[in-house]
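For the record, the sequence lines run as chains A and B.
So that you can map any letter, position 124 of the first sequence is 116 in my numbering, and since no number is skipped, the others follow by simple counting.
So that you can map any letter, position 251 of the second sequence is 243 in my numbering, and since no number is skipped, the others follow by simple counting.
2 protein chains.
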Amino acid sequence: MSTLKEMGEHEVVRRLTARLGAHAELMTGAGDDCAVVRLADSPIDQVYTTDPLVEGVHFKAGEKSERVGNKAAGRVLSDLAAMGAHPRWLLVNVVAPADQQFEDLENIYKGMNALCARFGAVIIGGDVARGPVLELHLFGIGELPAGTALLRSGARPGDEIFVSGPLGCSIEGRHLDFTPRVEEGIFLRESGMVHALIDVSDGVATDLRHILKQSATGALLDADLIPCNGTLENALYDGEDFELLGTVAPDASEMLRLKYAERFGSELTVIGRMTGEAGVLKLRDGKGVRTLEAKAFEHFKNVPEP
Amino acid sequence: MSTLKEMGEHEVVRRLTARLGAHAELMTGAGDDCAVVRLADSPIDQVYTTDPLVEGVHFKAGEKSERVGNKAAGRVLSDLAAMGAHPRWLLVNVVAPADQQFEDLENIYKGMNALCARFGAVIIGGDVARGPVLELHLFGIGELPAGTALLRSGARPGDEIFVSGPLGCSIEGRHLDFTPRVEEGIFLRESGMVHALIDVSDGVATDLRHILKQSATGALLDADLIPCNGTLENALYDGEDFELLGTVAPDASEMLRLKYAERFGSELTVIGRMTGEAGVLKLRDGKGVRTLEAKAFEHFKNVPEP
């Protein structure tokens, strides 16, 4: 018998998802940003994702409600963006104590609806239940042409690694106010040049490791190239940046970055390259090359003792 | 400013869903058991639903984990059944405290997976987060031929009202161990004879009222005909029976019930008929005919004071 705290979030997820089912129409299951499902008699694949947002864990009690709503919807839209999908439908479960002010819930919905409207997504259902703290559980459905989802498993040794914006210190406010890179994700998929894509939710050092694992590759990051808010440590491990992190063949990299800058007026920054050393993540800085250890925020382990 | 307790669950849901978006491909939004979406270039409609399951609200702390899993998956499958849909995919958000035993979570998944497997549904993703009590948030996706979903809005005055099994006292155990009426829902849709369908989650008197509202009809129930576990009051108001409640044209009723009995070896019981008195729910018993008042379990109002 082990508690979740003893095992840690990532091991809990790994062991629970190891038991999940397989199916001929399930293209990609647990282990990517979204599950990918092939629709029968249709040129469309659908992608599905869920995101929990818990008061005291993902946002502070008393936080401005519109910001909470923006974050709740933004996390789901960011997962859809990481597949290159068009966001379509969202459903929301609300958990709240009996003394929850309704006005705050209304403002949370205002925040969610405002962000969804920017990307053509619509909240179409959900449910409400009583519980000890305020929580939002969002379910998102996106679409893309069959077979085109950008997966974590597509990276190849030699690929250049890029990121869509500066990383670190999102806790100072950006984790609530960020805009998910929905149009950027669709653009990257449509370019046909991107091999793998993920959104930076747990810090680039942790999320890149998901690409390493699913692609059976390694990576070498260049500390001088990583666009940082705050320190390098912040950029590597903070999480909740919700930037896109991807890989592209070296001979296509310049063209991709040129077209991206032309379209969005901002840069895709190359921060390193994929290697053949499966599972090994290295960092080059002024002192040389060293191996980065896994060090992610763990929801169950990093809990202050009561 | 009002709290959820002051407003009550049904008013909270009504006001939050009044703000939800519309879309050309959204056939049915909030207000039915599932949202119904028309897929472009496909002969298929999809239905989506979510269900929360909160420790201390929907199940007791210390309840056997497989039963909790059965209920969590069963509630979603029952919503899909109430549209006549084939269940396809489920995603699960788990919320749990850091000292949650992992073995119990594993057994919850065992319960969910076992029920899903019986109906060809597959859990394909989800997420885990820390929170004060154990919760499961399930998201379900079903499919059916375009335009055939059984809605709450299809009932007509004169229709006979039927139910798929006895009602009331599910709290004694059935609310955890029930089998959702998935095959029955598909059969009722394929029969082409059913006008409206819903699953009994809040008690027949409350759930029938949803049909009244969406169909702009009334209903007259016959107390002597309602199959009860326990008292008539239990049958009307207990909830969590997860039986199917529907309506059928009087001239098709006998044929439907005959075919149903032939297929399932159990009865569809006629318990009353729809009337033209929009919104009015009446009951005939030994003493005559009386109007039934709305009296639903309210998640926020019926909370014992601390």
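Just so you know, even glycine gets a beta-carbon here, dropped at the ideal spot from N, CA and C.
From a predicted model like this one, the values you see are computed outputs, not experimental measurements.
Counted as a single uninterrupted DSSP element, the alpha helix (DSSP H) harbouring R249 of chain B occupies residues 242 to 256.
Under the DSSP definition of a beta bridge, H78 of chain B partners with B:E135. A Cβ-Cβ distance of about 37 Å is found for the pair V49 of chain A and A286 of chain B, leaving them out of contact under the 8 Å criterion. Cβ contact annotation for D43 of chain B (same chain, cutoff 8 Å, sequence separation greater than five): A64, R67, V68, D71, H129, L130, G132, in chain order.
When rounded, the separation of the alpha-carbon atoms in H78 of chain A and D243 of chain A is 28 Å.
Under DSSP, Y40 of chain B takes part in a beta bridge, and its partners are B:A27, B:I133. By the C-beta density criterion, I190 of chain B is buried, having at least 16 other C-beta atoms within 10 angstroms. Contact annotation for M75 of chain A against chain B: no contact, minimum CB-CB distance about 12 Å [criterion: below 7 Å].
Contact note: L12 of chain A reaches chain B through I115, I116, using a C-beta cutoff of 7 Å and chain order. Contact of F94 of chain A with chain B by beta-carbon distance below 9 Å involves M(-7), S(-6), T(-5), L(-4), E(-2), M(-1), E3, V4, R7, L8. Contacts between Y40 of chain B and chain A, judged by CB atoms closer than 9 Å, involve W81, L83, I116, G117, F131, I133 in chain order. Residue nearest to H167 of chain A within the set A:E232, A:R144, A:G184 is A:E232 (criterion: CA-CA distance). Ranked by Cα distance from M75 of chain B, the first of B:F179, B:V196, B:Y229 is B:F179. Put simply, of A:V29, A:T20, A:S156, A:R282 the residue whose alpha carbon is nearest the alpha carbon of P172 of chain A is A:S156. Runs of the alpha helix (DSSP H) lying entirely within the segment 146 to 191 of chain A and spanning at least 4 residues, in chain order: 166 to 169, 174 to 183.
For the pair A90 of chain B and V125 of chain B, the Cα-to-Cα distance works out to about 10 Å. Annotated as proximal: R80 of chain B and E135 of chain B, with beta-carbon spacing under 7 Å. Using a Cβ-Cβ cut-off of 8 Å, P35 of chain A is close to D33 of chain B, given in chain order.
What G123 of chain A touches in chain B, judged by beta-carbon distance under 9 Å, is P44, V46, E47, G48, V49, V87, G123, P124, V125, E127, going in chain order.
In this structure, DSSP gives I218 of chain A a state outside helix and strand, which the three-state scheme calls coil. Between Q206 of chain A and S57 of chain B, the alpha-carbon positions lie close to 32 Å from each other. With fewer than 16 other beta carbons inside 10 angstroms of its own, K279 of chain A counts as exposed. Below 8 Å, enough C-beta pairs join the segment 262 to 275 of chain A and the segment 146 to 156 of chain A to call them touching: three or more. Taking C-beta atoms under 8 Å as the contact rule, L273 of chain A and L204 of chain A qualify, at a distance of about 6 Å. The way I'd put it, the segment 252 to 259 of chain A doesn't touch the segment 138 to 146 of chain A; fewer than three beta-carbon pairs between them come closer than 8 Å.
V60 of chain B and V240 of chain A have their alpha carbons spaced roughly 45 Å apart. Take the alpha-carbon of A53 of chain B and the one of Q92 of chain B: they are about 11 Å apart.
Contact annotation: I116 of chain B and A27 of chain A have beta-carbon atoms nearer than 7 Å. With a 10 Å radius around the Cβ and a threshold of 16 neighbouring Cβ atoms, G184 of chain B comes out exposed.
Taking 4 residues as the shortest admissible run, the segment 65 to 110 of chain B contains the following complete alpha helix (DSSP H) segments, listed from N- to C-terminal end: 94 to 110. The bridge partners DSSP lists for L8 of chain B come to none.
Collapsing the DSSP output to three states places D277 of chain B in a strand. The criterion of a C-beta distance shorter than 7 Å is satisfied by I218 of chain B and A227 of chain B. Non-local C-beta neighbours of L45 of chain B in its own chain, meaning closer than 6 Å and more than five positions away in sequence, comprise A64, L128, ordered along the chain.
Around the C-beta of L250 of chain A, fewer than 16 other C-beta atoms lie within 10 Å, and the residue is accordingly described as exposed.
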